[in-house]
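With the sequence shown counted from 1, adding 8 to any position gets you this note's numbering. For every residue, glycine included, the Cβ atom is placed at its ideal position computed from N, Cα and C. No experiment lies behind these values; they were computed from the predicted model shown. Comments concern the structure below.
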Amino acid sequence: MGSIKVAVTGVGNCASSLIQGVYFYRDVSDETDIPGLMHPVFGGYRIRDIEFVAAFDVDPRKIGKDLAEAIFTPPNCTVKFSDVPKLGVKVQPGPILDGVASHMWKAFGLEEGEEVEPVNVADVLRESGADMLISYLPVGSGKATEFYANEALRAGCGFINAIPEFIASDPVWAKRFEDANLPLAGDDIKSQIGATILHRTLVNLLESRGVKVEETYQLNIGGNTDFLNMTVEERLSRKRISKTEAVTSLLPYEIPVRIGPSDYVSFLKDRKICYIYIKGRKFGDVPVYIDVKLNVEDSPNSAGVMIDVIRAMKLALDRGIKGVLTSISAYAFKHPPIQVPDNIARQWVEEFIEGKRER
Ligand SMILES: NC(=O)c1ccc[n+]([C@@H]2O[C@H](COP(=O)([O-])OP(=O)(O)OC[C@H]3O[C@@H](n4cnc5c(N)ncnc54)[C@H](O)[C@@H]3O)[C@@H](O)[C@H]2O)c1
9 MGSIKVAVTG VGNCASSLIQ GVYFYRDVSD ETDIPGLMHP VFGGYRIRDI EFVAAFDVDP
69 RKIGKDLAEA IFTPPNCTVK FSDVPKLGVK VQPGPILDGV ASHMWKAFGL EEGEEVEPVN
129 VADVLRESGA DMLISYLPVG SGKATEFYAN EALRAGCGFI NAIPEFIASD PVWAKRFEDA
189 NLPLAGDDIK SQIGATILHR TLVNLLESRG VKVEETYQLN IGGNTDFLNM TVEERLSRKR
249 ISKTEAVTSL LPYEIPVRIG PSDYVSFLKD RKICYIYIKG RKFGDVPVYI DVKLNVEDSP
309 NSAGVMIDVI RAMKLALDRG IKGVLTSISA YAFKHPPIQV PDNIARQWVE EFIEGKRER
């Protein structure tokens, strides 16, 4: 079926886990049950069909390095679970725009406002033959996200938005991709077993057992640069909306709720700790309380999900499907254009793979 040519912007921990994952599972048989993937062969595509052809970042410590080396360069701190051979793809400088929080410039070895001269991103994408561009930019990079979405349009690539900025869930952007005959998926990638899916499952369980949910919180702490970046509350507004709506959309009534990243604890590195609390009311008006703690390596958690998204987007490109891919977006992202319960979203993706559902 040919290869799937993928470009990434933001060579941080998530890109590291994705690229490692592709090499970790490169030689598996078609029958291997891979934890975290829908199928080892997805619409005819295998993991080994994925090829990384271009990468962009703004960190001088990563720019100019082979992608295989850049993914293990600090401040990246996620677990190394696979060797990655030299890929022959150098990390190229993109424009910073709003990608770096004020308190983080110094760590990049840059004065605020300084940047490595950026390349023409659309030209690089075109020359690399990329089928799609994945955005793994930091939370709060609204302008940078729009810039890369636009470069994908200019280059004729599909766009996958892994971060909590609203592109796939924004009808104006969806229309722009539709008009350009290009597929789009997003927004804000959902982890295999992360805070969002756990919280959604608990709320669903209470709802299905007739418990009235009265209040809930989900507090998250971690020690990677994603969490350091998110200590600035102004960068967080869309992250809070995305994570909150992923849970509250399951309830037909409003409740007091607080969900989002809560602190940076450097020694945790890429380990994320999540505390979920739910208070409900059951038969006899009697209260019930649930307190859960999740402790998980953050970045590998969404890498398998992304491998399925990449293959869904390639299928859409093969089939000439343009605009938002509603089924894979509902399954794999926290803030999709159409939000449905997870079992229904999975069914939609199965139908999409079989060609029974257009998008
Ligand atoms: N861990 C998960 O499972 C998960 C789930 C949902 C969403 N996300 C989101 O994915 C994104 C990436 O997460 P991460 O852990 O890899 O973060 P990270 O901080 O490790 O990586 C971000 C990278 O983007 C680079 N960057 C900053 N501005 C840029 C620009 N203008 N152009 C190109 N590169 C730029 C940084 O230098 C860094 O290398 C975050 O927004 C995160 O919230 C992750």
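Return the chain-ordered list of same chain residues with a C-beta closer than 8 Å to the C-beta of residue i, the five sequence neighbours on each side being excluded.
i	result
E242	G148
R279	G230, G231, N303, V304, E305 and D306
L258	R208, V211, N212, E215 and P349
E125	P101
R34	I55 and R56
If I measure Cβ to Cβ from residue i and keep anything under 7 Å in the same chain, skipping five residues before and after, which residues do I get?
i	result
G72	K98 and V99
V317	I168, A193, I336 and A340
K220	G288 and R289
M9	G52, Y53 and D57
T81	R69, K70 and K73
A6	Outside the shown range of the chain (9 to 367) lies residue 6, about which nothing can therefore be said.
R354	Y339
G202	V304 and N309
K330	F185, E186, N189, L190 and P191
D67	F116
I346	T334 and A338
On the CB-based measure, 16 or more other CB atoms within 10 Å of its CB, does residue i come out buried or exposed?
i	result
P172	buried
M321	buried
S3	Since the first and last residues shown for the chain are 9 and 367, residue 3 lies out of range.
E159	buried
S177	buried
S307	buried
S24	buried
I281	buried
S274	exposed
L210	buried
P146	buried
H343	buried
V294	exposed
S37	exposed
S110	exposed
N237	buried
G315	In the sequence under discussion, the amino acid at residue 315 is Ile, which differs from the Gly named in the question. Answer is buried; the Cβ neighbour count reaches 16.
Which same chain residues, not among the five before or five after residue i, have their C-beta less than 6 Å away from its C-beta?
i	result
E223	I263, P264 and K287
G312	G44, L45 and Q200
C165	L133, A138, M140 and L141
Y156	T17 and S143
D271	I229
What residue does the alpha helix (DSSP H) around residue i start on, and which one ends it?
i	result
F360	D350 to E362
A176	It is not in any alpha helix (DSSP H) - A176 carries neither H nor E in the DSSP assignment.
T224	Looking at the DSSP string, T224 is not in any alpha helix (DSSP H); the run it does join, the beta strand (DSSP E), is K220 to G230.
I23	Just to set this straight, residue 23 is Ala in the shown sequence, not Ile. Element bounds for A23: N21 to F32.
A203	A203 to S216
A62	Taken as a continuous stretch (DSSP letters only), A62 belongs to no alpha helix (DSSP H), being part of the beta strand (DSSP E) at I58 to D65.
E77	L75 to A78
Quick one: give me the first and last residue of the beta strand (DSSP E) that residue i is part of.
i	result
A193	P191 to A193
T17	I12 to T17
Q100	V99 to P101
Give a yes or no on whether 8 Å exceeds the smallest Cβ distance from residue i to chain E.
i	result
I329	Looking for chain E here will not work: only one protein chain is present.
**OP:** With a floor of 4 residues, list each alpha helix (DSSP H) that falls wholly inside the region 112-165, ordered by position along the chain.
**Re:** 129-136 and 150-163
Original post:
Whole alpha helix (DSSP H) runs in the region 235-315 with 4 or more residues, listed along the chain?
Top reply: 245-256
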